[in-house]
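Colleague: Here it is, the structure, as structure tokens.
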Amino acid sequence: MVDNVNFDIYQTLHAISRDMHHLAHYIGGRQGEMQDLGRSLNFIRKNKRVTSKNLANYYQIKSSSVTVKVNKMIEQGYIDKTRDTEDLRVYYLMLTKKGEEKCHEINESTQLLIKDLFDDLTTNQKLVLLDELQTIEGKLVEKKKNWE
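Numbering (full-length UniProt numbering), first residue to last: 1 to 148.
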């Protein structure tokens, strides 16, 4: 019985993942490039001492592709690069004030598009769901380390 439940959970999460991916494309279509920019800005904001390599790993793309993204965000004034004082080859990415404002603007816009998605859940249910999903994500990250 538990095996069936585990499989049902897996299937449901997989379906949700696909649907969320499609929703992101829909939102991206409504926001233009903002969805991708928002993911980058949120990743940099959430994680301290982010390098281009960290961003490449997050997107699962080549460093050269991330360089294009990073340079564009620098040109737009959303991020700055700061050289590491110990390893001069390393640069850290940080949001500028303009980047913080843009990140907030994109997040607000996205919130409007998804506001009704979780309306039927209480605040407590949302917190429990978030905690469980983060636990599952953590386990997947650990498994993925063994695959690479």
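We put the CB at the ideal spot given by N, CA and C, even for glycine.
Quick check on the burial criterion: 16 or more other C-beta atoms within 10 angstroms. Buried or exposed for M20?
Modeller: Looking at its Cβ environment, which holds fewer than 16 other Cβ atoms inside 10 Å, M20 is exposed.
Colleague: Since T51 contacts L88 with CB under 8 Å, what's their CB separation in whole angstroms?
Modeller: At roughly 13 Å, the Cβ-Cβ gap does not stay under 8 Å, so T51 and L88 are not in contact.
Colleague: CB C103 to CB L23, shorter than 7 Å?
Modeller: Against a cut-off of 7 Å, the Cβ pair of L23 and C103 comes out as no contact.
Colleague: Determine whether the beta carbon atoms of L95 and I79 lie at a separation below 7 Å.
Modeller: Contact: yes.
Colleague: Which one or two residues does DSSP pair with V50 in a beta bridge?
Modeller: Paired residue(s): L93.
Colleague: Just the C-alpha distance for K143 and I44, rounded to the nearest angstrom, thanks.
Modeller: Rounded to the nearest angstrom, the two C-alpha atoms are 24 Å apart.
Colleague: Excluding the 5 residues flanking L13 on each side, which residues of the same chain have their C-beta closer than 8 Å to its C-beta?
Modeller: Counting only Cβ-Cβ distances below 8 Å, and skipping sequence neighbours, we find I136.
Colleague: Thinking just about the alpha-carbon of each residue, which of S64, N6, V70, N47 is nearest to the one in D36?
Modeller: For D36, the nearest C-alpha among the options comes from V70.
Colleague: Less than 7 Å between the beta carbons of G77 and K53, yes or no?
Modeller: No. Outside cutoff.
Colleague: Alpha carbon to alpha carbon, how far is G29 from R39?
Modeller: Cα-Cα distance, rounded: 15 Å.
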